[in-house]
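Enquirer:
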Amino acid sequence: MPAEGKMKEVTSVVNAVKDAKIQCPLVGSWTNFVTINLVANTQLAVGGRAAMCFLPDEAKPLAFVSKSTYINVGTLQPVALQALTEAAKAAVELGKPWVLDPVAAGLGDTRTQLLNALKQYKPSVIRGNASEIIALANLWGIQTEKKGKVEGVDSTDTVDAALSSALELAKWTGGAVAISGETDIVLDINNTYRISGGSAMLKSITGAGCSLGGVIAVYAGVADPLTAALTGSVVYKYASERAAKKGMGTFSFQTAFVDNLSLLNADEVEKYAKSHINS
Ligand SMILES: Nc1ncnc2c1ncn2[C@@H]1O[C@H](COP(=O)(O)OP(=O)(O)OP(=O)(O)O)[C@@H](O)[C@H]1O
Ligand SMILES: Cc1ncsc1CCO
Ligand SMILES: [Mg+2]
1 MPAEGKMKEV
11 TSVVNAVKDA
21 KIQCPLVGSW
31 TNFVTINLVA
41 NTQLAVGGRA
51 AMCFLPDEAK
61 PLAFVSKSTY
71 INVGTLQPVA
81 LQALTEAAKA
91 AVELGKPWVL
101 DPVAAGLGDT
111 RTQLLNALKQ
121 YKPSVIRGNA
131 SEIIALANLW
141 GIQTEKKGKV
151 EGVDSTDTVD
161 AALSSALELA
171 KWTGGAVAIS
181 GETDIVLDIN
191 NTYRISGGSA
201 MLKSITGAGC
211 SLGGVIAVYA
221 GVADPLTAAL
231 TGSVVYKYAS
241 ERAAKKGMGT
251 FSFQTAFVDN
261 LSLLNADEVE
271 KYAKSHINS
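Counted from 1, the sequence shown has number 226 at position 226 by the UniProt record's numbering; the numbering is strictly sequential.
#1: For G128, does the three-state DSSP call read helix, strand or coil?
#2: Can you say whether S196 is buried or exposed, counting buried as having 16 or more other CB atoms within 10 angstroms of its CB?
#3: For Y193, list the residues DSSP reports as bridge partners.
#4: In the DSSP output, what is N72 paired with across the bridge?
#5: Give the range of the beta strand (DSSP E) segment to which M201 is assigned.
#6: How would you label P25, buried or exposed, when you count the other beta carbons within 10 angstroms and need 16 or more for buried?
#7: Just to confirm, is the Cβ distance from T31 to M52 under 8 angstroms?
#8: What did DSSP end up calling residue 345 once you bin it into helix, strand or coil?
#9: Any heavy atom of ligand 2 within a distance shorter than 7 angstroms of the CB on V150?
#10: Assess contact between the segment 84–97 and the segment 118–133, defined as three or more Cβ pairs (one per stretch) separated by less than 8 angstroms. Is contact present?
#11: Report the option in E241, V215 and K237 whose CA atom is closest to the CA atom of N41.
#12: Given a cut-off of 8 angstroms, decide if I142 and I179 are closer than it, judged by their beta-carbon atoms.
#13: Should T42 be listed as close to ligand 2, given that the test is whether its C-beta is under 7 angstroms from any heavy atom?
#14: Using 8 angstroms as the Cβ pair cut-off and three pairs as the minimum, do the segment 261–277 and the segment 14–22 touch?
#15: Would you mind working out which of S240, D259, V258 and M248 sits nearest Y272, comparing C-alpha positions?
#16: When DSSP builds the beta bridges, which residues end up paired with I36?
#17: Hey, is K129 close to ligand 3, as in C-beta under 7 angstroms from one of its heavy atoms?
#18: For F257, which option in A80, F33, E9 and S199 has the closest C-alpha, if you only look at C-alpha atoms?
#19: Grab me the residues of N190's own chain with a C-beta within less than 6 angstroms of its C-beta, minus the 5 sequence neighbours each way, in chain order.
#20: Is the Cβ-Cβ distance between V235 and V46 less than 8 angstroms?
#21: Answer yes or no: do T112 and L139 have a C-beta to C-beta separation smaller than 8 angstroms?
#22: Let me check one thing: in DSSP terms, what residues is E151 bridge-paired to?
#23: Would you call the CB atoms of A130 and V177 closer than 8 angstroms?
#24: In or out: D101 buried (at least 16 other Cβ within 10 Å) or exposed?
#25: Would you say the beta carbon of D157 comes nearer than 7 angstroms to a heavy atom of ligand 3?
#26: Just to confirm the assignment, what range does the beta strand (DSSP E) spanning A88 have?
#27: Return yes when the Cβ of V153 is within less than 8 angstroms of the Cβ of V79, no when it is not.
#28: With A223 as the anchor, note down where its alpha helix (DSSP H) starts and where it stops.
#29: S211 to S233, Cα distance in whole Å?
#30: Using three-state DSSP, classify L26 as helix, strand or coil.
Shown next, in the form of structure tokens:
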């Protein structure tokens, strides 16, 4: 796509970055206890406000005060089936966007039952690694070709191998799907973008993907689902690239990464988006 051909997308991304900082949308999150702190801190870094909940009775009131909802199925607790289903239902009934991270889709009956229960609520954005996107499309029965293998929470598939699954998921939800990896793919039924760059050091900290989902939920509070997914992808590539230094340790990288997210400069994000969003 020539530079002038993607100006609309670049402008939308820059506006979402600015609007999140101005509007500070509250995002209600239902996420795993491995990465909950990183999710909240990255949401704050890009301008959002964070609230993490666990209990079923909190689903409706949290959705009511939130601009968007984030649901991550990483570490399911006994109340998760009821709580997460009610959180998705409440978001939909209130006409608010919600983002799903189908962590380790296919692992165990509880997770499968929950992800199947969430299907009817059609997430505005699905964000997962390649194997999770493939596994979710299989689980939801919207893709007949059986492929893909999630190893715990890790992907064993390439982003391109998940492209057709992502498209099928987008056809079902009518929303956006983001596949993360060395080059991310963000798509809806009409548009497909590839976002290059970033740092492979994101693979050395836990929760880069989980927090990306949480940050996309912040942007979904100020922009349409496709723009939100695209913005999250671009700022993760941008901030991780700036954070990584030769010889750096993994925790110093995590700190520098969150710092760079908190210091996003709209002009620099614009420049980065122009050269890293491809069709
Ligand atoms: N090789 C790589 N080079 C650059 N960026 C990468 C690479 N691999 C992953 N990323 C980036 O890391 C972030 C997280 O993506 P990843 O696919 O690792 O998610 P995930 O497997 O769900 O992670 P987690 O479950 O640990 O949260 C994304 O922003 C993605 O673009
Ligand atoms: C390591 C891990 N285990 C369950 S959730 C999670 C965070 C990355 O998905
Ligand atoms: Mg993950």
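Beta carbons are placed, not taken as given, at the ideal position from N, Cα and C, and that holds for glycine.
Expert: The answer reads as follows:
#1: strand
#2: exposed
#3: V186
#4: D101
#5: M201 -> no beta strand (DSSP E), and no H or E assigned at all.
#6: buried
#7: yes
#8: Lying outside 1 to 279, the shown extent of the chain, residue 345 is not represented and no answer is given.
#9: no
#10: yes
#11: V215
#12: no
#13: no
#14: yes
#15: S240
#16: Note: I36 sits in no beta bridge, so no partner.
#17: For the record, residue 129 in the displayed sequence is Asn; it is not Lys. Indeed, a heavy atom of ligand 3 lies less than 7 angstroms from the Cβ.
#18: S199
#19: none
#20: yes
#21: yes
#22: D154
#23: no
#24: buried
#25: no
#26: From DSSP, A88 is part of no beta strand (DSSP E) but of the alpha helix (DSSP H) over A80 to E93.
#27: no
#28: Premise fails: A223 is in no alpha helix (DSSP H) and is neither H nor E.
#29: 11 angstroms
#30: strand
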